[in-house]
Amino acid sequence: MAIDLKSIKILNILEKNSRTSLSGISKKIRASPQTTHYRIDKLVEDKVITSFPSIVDHAYLNLIKVVVYFKVSYISHSNMMEIIDYFKKNRYVVSVLECGGNWDLQVSYIVGNISQFNKIFHNDFKEYPNQLSKHEIFFNIVTYFIEKDDCLEFD
């Protein structure tokens, strides 16, 4: 799917702040609100935009974000989907990503403290001890957001 410069600008604006008003987006891309609305609807229809998330500073809420990378032992696609579905049902898990390279899954947890994470993680790990062969845990201390006007423009 080809995306023109105005659509790229819309994506950049929404990526920075998904709550930007239609009139605000229209002014920034120099298009009418009707045209802007049509373009956003088209991006959603084409599944370029799949949701309008907010960026949350978990530390401000006294919460900790923990990211765990897993190496998954050789399994079928259906087994991998079963593991992903298991994590998606966990109320403390906020995202599950399939990866390439050294790791196969990235699972992000939001917890109140390290002890709570430890209990949740060991319970999760016990569910698939043979499949989740290796893991590495990272604690997100501070997140820095970088605003760029041209992050989706390519040469």
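Using our numbering, the letters of the sequence shown map in sequence onto residues 1 to 155.
Glycine residues also receive a C-beta, built at the ideal position from the N, C-alpha and C atoms.
All values reported here derive from a predicted model rather than from experimental measurement.
Beta-carbon proximity check, residue i vs residue j, cutoff 8 Å
| i | j | result |
| --- | --- | --- |
| Ser108 | Val67 | yes |
| Ile114 | Ile64 | yes |
| Ser133 | Ser78 | no |
| Ile13 | Lys27 | no |
| Val111 | Tyr86 | no |
| Gln131 | Ile75 | yes |
| Ser23 | Pro33 | yes |
Coarse secondary structure for residue i, derived from DSSP in three states
| i | result |
| --- | --- |
| Val142 | coil |
| Gln159 | Because the chain in this structure spans residues 1 to 155, residue 159 falls outside the shown range and cannot be described. |
| Val49 | Looking at the sequence provided, one finds Ile at residue 49 rather than Val. Three-state DSSP puts Ile49 in coil, outside helix and strand. |
| Arg39 | helix |
| Gly24 | helix |
| Val44 | helix |
| Ile55 | coil |
| Ser7 | helix |
| Tyr128 | coil |
| Ser18 | coil |
| Asn102 | coil |
| Ser78 | helix |
Min CB distance residue i to chain D below 8 Å
| i | result |
| --- | --- |
| Ile13 | Chain labels in this structure do not include chain D; a single protein chain is all it has. |
DSSP bridge partner residues for residue i (one or two, in chain order)
| i | result |
| --- | --- |
| Ser95 | Ser108 |
| His135 | Phe70 |
| Lys88 | Looking at the DSSP assignment, Lys88 forms no beta bridge with any residue, so it has no partner. |
| Lys65 | Ile110 and Asn140 |
From the options, residue whose alpha carbon lies closest to that of residue i
| i | options | result |
| --- | --- | --- |
| Ile83 | Leu43, Glu127, Val44 and Asn102 | Glu127 |
| Val96 | Ser51, Pro53 and Phe70 | Phe70 |
| Thr35 | Lys16, Glu45 and Lys6 | Lys6 |
| Ile8 | Ser21, Val93 and Ile40 | Ile40 |
| Thr20 | Cys99, Pro53 and His58 | Pro53 |
| Asn118 | Gly100, Gln106, Ile137 and Gly101 | Ile137 |
Inter-residue CB distance, residue i and residue j (contact presumed, cutoff 8 Å)
| i | j | result |
| --- | --- | --- |
| Ile25 | Ile10 | 6 Å |
| Asn90 | Asp57 | No, Asn90 and Asp57 are not in contact; Cβ-Cβ is about 22 Å, not under 8 Å. |
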